[in-house]
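Student: Once you've had a glance at the structure underneath, I'll fire off some questions.
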Amino acid sequence: MALVESCDLYGVNVAHSGSVVGLMLDRRYHDVEYLKWALSQTKLTAHWPKQHLLRAVPGGVQLST
């Protein structure tokens with residue numbers, strides 16, 4: 045949470061199991077390279093060694109028929 049607050053991110057999303065964690069940001073306003081560096085300076089990458097920059101999609105999940 046310190047990273048979210050210090051970088052003024054929109055929030056954090058954690059899966060029930062804790063196996064997936066998402067930082068909510070806007071790449072137009074937030075410094076993604078700095079965030080990658082800041083994460084590398086913490087012990088968080090030991091728990092979550094892979095990071096991916098993904099786009100949020102409107103409408104959520106839809107079932108395919």
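Residue numbers for the sequence shown, in this note's numbering: 45 to 109. Cβ coordinates follow ideal geometry from the N, Cα and C atoms, glycine included. As the structure is a prediction and not an experimental result, all values here were calculated from the model.
(1) In the DSSP output, what is V56 paired with across the bridge?
(2) In three-state DSSP terms, what is Y78?
(3) Less than 9 Å separating the beta-carbons of K83 and L47?
(4) Can you give me the C-alpha to C-alpha distance between V76 and D70, rounded to a whole angstrom?
(5) Quick one, which of N57, V64, M68 has its alpha-carbon nearest K94's?
Tutor: A quick look at the data gives this:
(1) Within the sequence shown, numbered from 1, the residue matching residue 56 stands at position 12. Bridge partners of V56: L67.
(2) Working through the sequence shown from its first residue, we reach residue 78 at position 34. Three-state DSSP puts Y78 in a helix.
(3) Locating residue 83 in the sequence shown gives position 39, where the first residue counts as 1. Locating residue 47 in the sequence shown gives position 3, where the first residue counts as 1. Correcting the residue type first, residue 83 is Leu in the shown sequence and not Lys. Yes. Within cutoff.
(4) Your numbering for residue 76 matches position 32 in the sequence shown. Your numbering for residue 70 matches position 26 in the sequence shown. Going from the Cα of V76 to the Cα of D70 covers about 9 Å.
(5) Locating residue 94 in the sequence shown gives position 50, counting from the first residue. Of the listed residues, the one whose Cα sits closest to K94 is V64.
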